[in-house]
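Enquirer:
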Amino acid sequence: MLSSQNVMYVDKIAERHLKTCLDIVIMAILTGGSTHGYKIIATLHKEFGILLSPGSLYPTLHRLEDDKLIESTLDKGKVVYRVTSAGKEKFGKAVAAYNFSIQKMWRFVKTYGESSPLLIQEAKEEILLTN
Numbered sequence: 001m002l003s004s005q006n007v008m009y010v011d012k013i014a015e016r017h018l019k020t021c022l023d024i025v026i027m028a029i030l031t032g033g034s035t036h037g038y039k040i041i042a043t044l045h046k047e048f049g050i051l052l053s054p055g056s057l058y059p060t061l062h063r064l065e066d067d068k069l070i071e072s073t074l075d076k077g078k079v080v081y082r083v084t085s086a087g088k089e090k091f092g093k094a095v096a097a098y099n100f101s102i103q104k105m106w107r108f109v110k111t112y113g114e115s116s117p118l119l120i121q122e123a124k125e126e127i128l129l130t131n
């Protein structure tokens, strides 16, 4: 089990990783159905325990919209976002690239981090506990 200090470190990495891959995460949410910005923030908070600020979310939504990967409509005073067909195609490619990148990173860490097998084992155990 990870210590409380390590849990805080893991949370910081998770937050940084989420913000780095925010476009993919937003596309994943919207692939599941149309929704508004507040619901995206609430979903991220529920799933990751990270309260994303509107200042982090909306620029990414606007960029995705400018790139024609999502589109928005006004419904009962709320802006509702949905993924476009181009967005679905791009999302599939992004997920494949993300998966490749994560696997490559894990192989690197495992190879070069062998001097710290206990830390690698703790990480594996934590992943198993949370999944």
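So in the numbering used here, spot 18 of the sequence shown is number 18, and the numbers just go up one at a time. Glycine included, C-beta positions come from ideal geometry on N, C-alpha and C. Remember, predicted model here, so these are calculated numbers, not experimental data.
Below 8 Å between beta carbons: does that hold for alanine 94 and isoleucine 24?
Expert: Numbered from 1 along the sequence shown, position 94 holds the residue referred to as residue 94. Numbered from 1 along the sequence shown, position 24 holds the residue referred to as residue 24. Yes, the Cβ-Cβ distance between alanine 94 and isoleucine 24 is below 8 Å.
Enquirer: List the whole-angstrom C-beta distance separating isoleucine 41 from leucine 52, where the pair is believed to meet the contact cut-off of C-beta under 8 Å.
Expert: Counting from 1 along the sequence shown, the entry for residue 41 is found at position 41. Counting from 1 along the sequence shown, the entry for residue 52 is found at position 52. That pair is a contact at about 5 Å.
Enquirer: Mind checking leucine 132: buried by the 16 CB within 10 Å criterion, or exposed?
Expert: For residue 132 there is no data in the structure shown, the boundaries of the chain being 1 and 131.
Enquirer: Roughly how many whole angstroms lie between the Cα atoms of serine 101 and glycine 92?
Expert: Numbered from its first residue, the sequence shown carries residue 101 at position 101. Numbered from its first residue, the sequence shown carries residue 92 at position 92. Roughly 14 Å separates the two Cα atoms.
Enquirer: Under a three-way DSSP split, which group does leucine 69 fall into?
Expert: On the sequence shown, residue 69 is found 69 positions in, with the first residue counted as 1. Note: leucine 69 maps to coil in three-state DSSP.
Enquirer: Among residues of its own chain, excluding the 5 on either side of tyrosine 58, which ones have a beta-carbon nearer than 7 Å to its beta-carbon?
Expert: Locating residue 58 in the sequence shown gives position 58, where the first residue counts as 1. Same-chain partners within the cutoff: Gly37.
Enquirer: Terminal residues of the continuous alpha helix (DSSP H) containing lysine 39?
Expert: Numbered from its first residue, the sequence shown carries residue 39 at position 39. Taken as a continuous stretch (DSSP letters only), the alpha helix (DSSP H) holding lysine 39 covers 37-48.
Enquirer: Please name the residue or residues paired with lysine 78 in a DSSP beta bridge.
Expert: In the sequence shown, counting from the first residue as 1, residue 78 sits at position 78. Lysine 78 pairs with Asp75.
Enquirer: Taking the alpha carbon of leucine 30 as the reference point, which residue from Ala96, Leu64, His45 has its own alpha carbon closest?
Expert: What you label residue 30 is simply residue 30 of the sequence shown in a count that begins at 1. For leucine 30, the nearest C-alpha among the options comes from Leu64.
Enquirer: Near lysine 88, which residues of its chain fall below 7 Å by C-beta distance, leaving aside the five closest residues on each side in sequence?
Expert: Here the question's residue 88 lines up with position 88 in the sequence shown. The residues are Thr31.
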